[in-house]
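For reference, the structure discussed in these notes is given below.
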Amino acid sequence: ADSPQTGYHNSTGGVALGIDACFAGCLTAGFLGGYSGSDIDWNQNRAHGDIYSGYAGMYLSAITDYYYVNASVLGGWTHYYAKRNIKYPGVYQSASSDKGGAQISSQFNLGVNLTFLGIQVRPYNSFNYISQIENGFTEYGAGAYDLRVKKNNSIIVRNELGLQLASCLCFGGSSWSIAPQLSWVREVRIKGKDYKARFNDTQKTFILTGYFPDRNLVSPGFFLSKMFWQNRVSLDLYYKGEFGSKYTNNSFGAELRLGF
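Here's what the structure looks like:
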């Protein structure tokens, strides 16, 4: 949205494992860890990147018949690999780079449970604070076109205000919980809107635009859940999209949970 950067396509896969426990009637606390990998291709074969991340965190939830509150903190360690294609008349070079980084994300969300005509109506708000550090690096493979990029720290705050409807759907002799939702998202970059770089064989520094601008998004979603084996096992399926000016993101997922 309103950025001079080239568009891109991104696909991500990962796995997470966690454990939690209930206490005091309505509280749940837990720990989790996971690993993910992302593949990024910029339009017009401008560049390609791979991102590999490991992360760990903790969370606390309070759930009652009338409201819910969730808080979580997640830290991660990331390795980046990138290849940038340089195309000019008579010039075709590829500059590669490897670097590490780290990030921390905290989230606080709350919602209210209301009932109308047998349907649960859940207005909610979610707030995220995300800080990401990318180590400096020097490209290789393109000679005079290699860049040296300084260490960068990006901080973004994100708020999501939405409404979810939830009900029970019965078919084929089984019962499923279904919950469509729609929200408005506001993201504000408070640090890292740009970063500094220079060509490796010069001392002239220039400024580049950061990854994400301030933006507004519309986010539809859909959640489907089924309980098995005397409610000891649950299967959750979900979809969430984000749509804005020149930006589209679609996330699909499945979660299998075992209680004992």
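Sequential numbering from 21 applies to the sequence shown in this note's numbering.
Quick reminder that beta carbons are idealized off the backbone N, C-alpha and C, glycines included.
Cutoff 8 Å: residue i Cβ touching any chain B Cβ
i, result
"residue 166", "Of the protein chains in the structure, only one exists, and it is not chain B."
Endpoints, beta strand (DSSP E) assigned at residue i
i, result
"residue 213", "Where residue 213 is concerned, there is no enclosing beta strand (DSSP E), given that its DSSP letter is neither H nor E."
"residue 143", "139-154"
"residue 103", "87-108"
"residue 122", "111-132"
Residues that residue i bridges to, as DSSP identifies them
i, result
"residue 42", "48"
"residue 64", "Its beta-bridge partners do not exist; DSSP assigns none."
"residue 277", "254"
"residue 223", "DSSP, once it has assigned bridges, lists no residue as partnering residue 223."
"residue 246", "255"
"residue 84", "Its beta-bridge partners do not exist; DSSP assigns none."
"residue 260", "241, 271"
"residue 77", "52, 94"
"residue 165", "Beta-bridge pairing links residue 165 to no other residue."
"residue 57", "33, 72"
"residue 200", "242"
"residue 182", "144, 203"
Residue i vs residue j beta-carbon contact at 8 Å
i, j, result
"residue 262", "residue 244", "no"
"residue 115", "residue 161", "yes"
"residue 235", "residue 254", "no"
"residue 41", "residue 50", "yes"
"residue 52", "residue 33", "no"
"residue 46", "residue 82", "yes"
"residue 239", "residue 197", "no"
"residue 151", "residue 175", "yes"
"residue 220", "residue 167", "yes"
"residue 96", "residue 112", "no"
"residue 259", "residue 242", "yes"
For this session: Report yes or no: do the segment 70-90 and the segment 98-108 share at least 3 C-beta pairs separated by less than 8 Å?
Result: Two segments are said to touch when three or more pairs of C-beta atoms, one from each, lie closer than 8 Å; by this definition the segment 70-90 touches the segment 98-108.
Exercise. Any chance the segment 197-215 sits against the segment 169-178, with 3 or more Cβ pairs inside 8 Å?
Worked result: Yes: at least three Cβ pairs fall under 8 Å.
Exercise. Counting Cβ pairs, one atom from each stretch, are 3 or more of them under 8 Å apart for the segment 109-128 and the segment 155-169?
Worked result: Taking a cut-off of 8 Å for Cβ pairs, the segment 109-128 and the segment 155-169 touch, as three or more such pairs fall below it.
Exercise. On the three-pair Cβ rule with 8 Å, is the segment 181-192 touching the segment 140-152?
Worked result: These segments touch.
Exercise. Any contact of the segment 219-229 with the segment 245-259, i.e. 3+ C-beta pairs under 8 Å?
Worked result: Counting Cβ pairs under 8 Å, fewer than three are found: no touch.
Exercise. Touch check for the segment 126-137 and the segment 85-98: three-plus C-beta pairs under 8 Å?
Worked result: Touching, yes.
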